[in-house]
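A.B. asks: Handing you a structure now.
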Amino acid sequence: MSQLSIYNSLTRKKEQFVPLTPGYVGMYVCGPTVYSDVHLGNCRTFISFDLMYRYFLHLGYKVRYVRNITDAGHLEGDRDEGDDKFSKKARLEQLEPMEIVQRYTLGFRKMMEMFNNLPPTIEPTATGHISEQIEMTQQILANGYAYEVNGTIYFDVQKYDKEKPYGILTNRKLEDLLEGTRELGGQDEKRGRLDFALWIKAKPEHLMQWPSPWGMGFPGWHIECSAMSKKYLGNEFDIHGGGMDLAATHHTNEIAQNQACYHVSPARYWLHTNMLTVNGTRMSKSAGNGFLPGELFTGNHPLLERAYSPMTVRFFMLQTHYRSTLDFSNEALQAAEKGMKRLWEAYDIVKKLEAGTVAATDKALDEKVSSLLASMDECMNDDFNTARVLAVLFEVVPIINSIKDGHIKLQALSGTTIAAVQTYFKAYLENIFGLKNEVQSEDGKLSGVLQLLIEIRKDAKQKKDYATSDKIRNQLLGLGVALKDEKDGGVTVSFT
RNA sequence: GGUCCUGUGGCCGAGUGGCUAGGCAGAGCUCUGCAAAAGCUCGUACAGCGGUUCGAAUCCGCUCGGGACCUCCA
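Residue numbering for the first sequence follows the numbering used here, beginning at 2 and increasing consecutively.
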């Protein structure tokens, strides 16, 4: 089997994945800022990294997956007169900042659960790691890469860039970056245009503030990830991930902070997921074109024709590679919904197949299926290409359906191959892709009622009383229960 | 302006220089009391123009179009 290779933003190419410690993976993903509901773009990133997390587990790695919760106030802009996001919202809603944090943290976790994302192994909060952030800031100061102005500590980007390339992650030169930045205002206390705050002095009315060697204040945005990744994963770890929009600023600053503090770049592999778009434009908070997952699940949004389930959305995302943009539309979602249904019905058949011990009667077909299955691993190892894995699964589907319909005999495939199909479908659909059947199983009493109706209908059919049999089928369909007559005389029930 | 990404059949989307991606929609056929599902077959797509090559959607150049980042955002 091939080795896993992943695209490293830092080197801009695919590299074979070699963990720092054999058998273990340390992965840090920038989590949400919990001052409002997560929108779907955020969810895409976390679904992408959930997929990677699941795949590492599938490969047998022990994974420490750290995803932070940003619950400490950051400035709205990079100017210190701005309110922080939490206290602003709090005043608006007459709530304590930590009430806001609590509400949206719970909401976020709920959404992650609905999408069937596994929880990270550690989910640290910024406010829970203030002292670590202060310590790191002190060390950066001691190392000479930061300076204090009136109780605020700034990172000295130009000094840093003399020793290490500041724009290494996004392949930019300092001059080019400076060119794109606005002029410093007259009263600005920063020395350099690109300098960013490690610690920010708080005004008395500021709701979230902590004591520090430089007076009361709060941490800058970038330092939390540096401090927490270092604490739980060490100075150097395997993977650091996040959305592409974080690369140029947040991740660039993280690398600079870690280098300035520990003289080493934190992560070996930097993974960035691409944006979700609506009508070709990026979905974002500031653009106001974002969907909330809840709106999607209820269909309650002007752009949505109807509701789409969490698994439909997850499947929809898996049909695209994580580094490609994905455009959102009703048509595309409906296509995904149908495709997933087809795949899942085939999976239901697969589960019921009885793997014999006989050799394959159709050698060619047996080999074809085997090689299809093997290619799934190849696709996944090629930078988590879920789109191709799905394509392969869909190529196996007609074979499965043909076995069910009797076009292909079960014995055409060897028992080993049948068992492999079962293993692969389960591994990929459930364990790696994290899909689950959303149809609620009917409870005992209703099941009995349904069974009765099916029997009455069967009797009617035998008497060629099609008026009655069609009435039962049509009315049940109207209630969301679809009956399908199978060739063998049986009936398949599915819920819509 | 700088740094990049991107343009694939009606829609969504993979794609290693040569072999059918796949899904959805559409057409035909088979099965079927009908329906649904399923199976089989079908579109001969790669923005345009040049170039490299025996051969390019895939490499190079130019043109046109779309997008991202450079400012809070996954």
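Just so it is clear, CB atoms sit at the ideal spot from N, CA and C, and this is done for glycine as well.
#1: Going by the beta-carbon positions, is the gap between V158 and G193 smaller than 8 Å?
#2: Can you find at least 3 beta carbon pairs, one from the region 426-437 and one from the region 449-464, that sit closer than 8 Å?
#3: Indicate the three-state DSSP secondary structure (helix, strand or coil) for K339 in the structure shown.
#4: Within the region 329-394, note down every full alpha helix (DSSP H) run reaching 4 residues or more, in order along the chain.
#5: Please report the straight-line C-alpha distance between R80 and T153, rounded to a whole angstrom.
#6: Return the first residue and the last residue of the alpha helix (DSSP H) that D239 is part of.
#7: Mind checking whether A361 and T418 have CB atoms under 8 Å apart?
#8: Taking the alpha-carbon positions, what's the T253 to L170 distance?
#9: Specify, as a first and last residue, the run of the beta strand (DSSP E) that I201 falls within.
#10: For L334, I'd like the list of residues in its chain whose CB is within less than 8 Å of its CB, leaving aside the five on either flank, ordered along the chain.
#11: Using a 10 Å radius around the Cβ and a threshold of 16 neighbouring Cβ atoms, would you call G78 buried or exposed?
#12: CA-CA distance, K353 and K446?
#13: Count the other C-beta atoms from every protein chain shown that fall within 10 angstroms of the C-beta of A413, then say buried if there are 16 or more, exposed otherwise.
#14: Taking contact to mean 3 or more Cβ pairs, one atom from each stretch, closer than 8 Å, check whether the region 388-403 and the region 23-38 are in contact.
#15: Here's a check: name, in chain order, each residue in its chain whose Cβ is nearer than 6 Å to the Cβ of S136, leaving out the five neighbours to either side.
#16: Should E82 be labelled buried (16 or more other beta-carbon atoms within 10 Å of its own) or exposed?
#17: I'd like to confirm the pairing. Which residues does DSSP put opposite I7 in its beta bridges?
#18: Starting from D72, trace the alpha helix (DSSP H) in both directions and tell me its first and last residue.
#19: Just to confirm my understanding: we take I101, look at its own chain, exclude 5 residues before and 5 after, and list those with CB closer than 8 Å. What are they?
#20: Taking the runs of the alpha helix (DSSP H) that are 4 residues or longer, which of them lie wholly in the region 394-431?
C.D. replies: Quick answer:
#1: Counting from 1 along the first sequence, the entry for residue 158 is found at position 157. Counting from 1 along the first sequence, the entry for residue 193 is found at position 192. Yes, the Cβ-Cβ distance between V158 and G193 is below 8 Å.
#2: no
#3: For the purposes of this step, residue 339 is taken as residue 338 along the first sequence, with counting starting at 1. Helix, per DSSP.
#4: Runs found: 331-353, 364-382.
#5: Locating residue 80 in the first sequence gives position 79, counting from the first residue. Locating residue 153 in the first sequence gives position 152, counting from the first residue. With a pLDDT of 39 at R80, under the threshold of 50, the predicted position of this residue should be treated as unreliable, and no value is reported.
#6: One-based indexing of the first sequence puts residue 239 at position 238. Run containing D239: none in the alpha helix (DSSP H); it sits in the beta strand (DSSP E), 238-244.
#7: Position 360 of the first sequence, counting from 1, holds the residue named residue 361. Position 417 of the first sequence, counting from 1, holds the residue named residue 418. Contact: yes.
#8: By 1-based counting over the first sequence, the position of residue 253 is 252. By 1-based counting over the first sequence, the position of residue 170 is 169. Rounded to the nearest angstrom, the two C-alpha atoms are 6 Å apart.
#9: To locate residue 201, count along the first sequence from 1; it is residue 200. I201 -> beta strand (DSSP E) spans 197-202.
#10: In the first sequence, residue 334 corresponds to position 333, counting from 1. Answer for L334: Y309, T313, V314, F317, listed in chain order.
#11: For the purposes of this step, residue 78 is taken as residue 77 along the first sequence, with counting starting at 1. Because G78 sits at a pLDDT of 37, beneath the cut-off of 50, its placement in the model cannot be relied upon, and the point is left open.
#12: In the first sequence, residue 353 corresponds to position 352, counting from 1. In the first sequence, residue 446 corresponds to position 445, counting from 1. Using only the alpha carbons, I get a separation of about 24 Å.
#13: One-based indexing of the first sequence puts residue 413 at position 412. By the neighbour-count rule (16 or more Cβ atoms within 10 Å), A413 is buried.
#14: no
#15: Within the first sequence, residue 136 is the residue found at index 135, counting from 1. Here residue 136 is Glu; the residue named in the question, Ser, does not match the sequence. Nothing listed; no residue qualifies.
#16: Against the first sequence, residue 82 aligns to sequence position 81. Unreliable positioning characterises E82 in this predicted model, as indicated by a pLDDT of 44, which lies under 50. The coordinate reading is nonetheless provided below. So E82 counts as exposed.
#17: Locating residue 7 in the first sequence gives position 6, counting from the first residue. I7 is bridged to E16.
#18: Here residue 72 is taken as the residue at index 71 of the first sequence, counted from 1. That residue, D72, is in no alpha helix (DSSP H); it is neither H nor E in DSSP.
#19: Looking up residue 101 in the first sequence gives position 100. Here the set comprises V35, Y36, F87, K90, A91, E94.
#20: 416-426
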